[in-house]
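Chains as they are written, first to last, in this note's numbering: chain P, 509 to 665; chain V, 509 to 665.
The beta-carbon is built from N, C-alpha and C at its ideal position, and this holds for glycine as well.
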DNA sequence: CTGTGTGCAAACATTTTGCAAGCAG
DNA sequence: CTGCTTGCAAAATGTTTGCACACAG
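Below is the structure:
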């Protein structure tokens with residue numbers, strides 16, 4: 509798996525172009541603005557949110573939701589992006605250009621908070637070693653109710 | 509978060525009934541068989557799979573997918589169950605009546621090793637608290653190469 | 001030019017909602 | 001009896017596919 513951690517936009521773009529060429533695919537304006545927007549906003553985007561933003565910022569492009577889906581899936585397939593999903597609320601995507609981190613996810617409103625914990629990562633390594641595994645990666649997602657949703661759930665309703 | 513770890517079915521059922529009463533909801537056959545089936549099978553169920561199984565095992569009930577969704581959401585909202593998303597497919601639900609165990613997965617041969625680590629669990633709680641989340645569950649999956657496959661991988665490939 | 005990419009509309013898949021009838025309390 | 005619950009059908013939501021035209025290489 510290619511390591512694109514800490515790449516700046518120019519490097520990322522280069523990586524994307526190489527990857528397209530290798531697969532016999534074409535570099536298009538749509539694909540470019542999707543990559544650029546993901547890079548600039550550094551958030552978890554749902555396809556729908558990203559699409560809305562793109563239509564607003566690049567009205568002339570008249571970009572379709574279909575293209576957004578296709579490009580996000582393309583990025584994920586090639587390890588330039590990662591999606592995290594929570595069922596009915598759909599997937600959210602982020603670029604893989606920053607150091608590894610994990611996610612806290614509110615099961616009520618879908619809010620995502622990132623966190624990083626070196627001690628846990630260390631412990632994971634240790635567990636892997638104990639079982640004679642050579643680690644290549646991991647998923648860790650914590651699910652719960654965020655502050656706002658705890659209030660909502662208890663107060664009214 | 510209510511602790512329902514290690515409850516047997518009778519206790520779990522009691523907990524469910526109390527919870528329903530507290531919310532002014534009713535105890536119905538549908539809700540009962542859903543709880544019981546989740547308890548018995550001790551797996552991650554998608555709503556469709558659970559629905560299919562329920563229709564097969566309790567044909568007279570003629571249970572609707574709607575009820576399955578509603579009950580699973582009810583259980584999750586009250587922390588008796590947790591839903592997680594495996595990959596790109598929909599949600600899967602499991603009861604919270606067992607201590608959470610996690611998985612080490614060999615990406616080559618698919619072998620799965622279960623493990624449990626109290627320190628990591630504690631740390632996760634701490635992280636959640638720092639972000640004012642009330643935890644309901646988590647996924648932690650470590651991916652890597654198991655001992656046997658490390659040998660194989662080095663030989664060939 | 002060639003074949004991939006695009007937007008659109010329609011198809012699909014999954015989950016939620018409106019409703020009339022059923023049933024728990 | 002009261003009003004929550006249910007199954008059904010329809011709607012809403014999220015995602016993919018077929019197609020004809022556009023465009024990168």
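So that I know if they touch, is there some Cβ in chain P lying closer than 8 Å to that of residue 612 of chain V?
yes
With a threshold of 8 Å between beta-carbons, can residue 556 of chain V be considered close to chain P, or not?
no
Could you confirm whether any beta carbon from chain P is found closer than 8 Å to the beta carbon of residue 628 of chain V?
yes
Between which two residues does the alpha helix (DSSP H) harbouring residue 524 of chain P extend?
517-530
Name the residue from V:623, V:532, V:524 whose alpha carbon lies nearest to the alpha carbon of residue 611 of chain V.
V:623
Going along the chain, which residues of its own chain have a beta-carbon closer than 6 Å to the beta-carbon of residue 609 of chain V, five neighbours each way excluded?
622, 624
To the nearest angstrom, how far is the alpha carbon of residue 600 of chain V from that of residue 539 of chain V?
17 Å
Could you list which residues in chain P have their beta carbon closer than 8 Å to that of residue 621 of chain V, in chain order?
639, 641
What do you get for residue 593 of chain P, buried or exposed, if any count of 16 or more other CB atoms within 10 angstroms of its CB means buried?
buried
Residue burial classification, residue 588 of chain P (beta-carbon count within 10 angstroms, cutoff 16)
buried
Please state whether DSSP places residue 621 of chain P in a helix, a strand or coil.
strand
What span of residues does the beta strand (DSSP E) with residue 569 of chain P cover, start to end?
Unbroken run through residue 569 of chain P: none, as it is neither H nor E.
Can at least three beta-carbon pairs, one atom from the region 635-654 of chain P and one from the region 632-650 of chain V, be found at a separation below 8 Å?
yes
If you compare alpha carbons, which of V:541, V:631, V:629 is closest to residue 570 of chain V?
V:541
Pairing CB atoms from the region 514-527 of chain V with CB atoms from the region 543-550 of chain V, are three or more of them under 8 Å?
yes
DSSP state of residue 536 of chain V, grouped into three classes?
coil
Give me the Cα-Cα distance between residue 532 of chain V and residue 619 of chain P, rounded to the nearest whole angstrom.
29 Å
Threshold first: 4 residues or longer. Then list the alpha helix (DSSP H) segments lying entirely within the region 580-644 of chain P, N to C.
626-638
Measuring alpha carbon to alpha carbon, tell me which residue in P:572, P:528, P:628, P:598 is nearest residue 633 of chain V.
P:628
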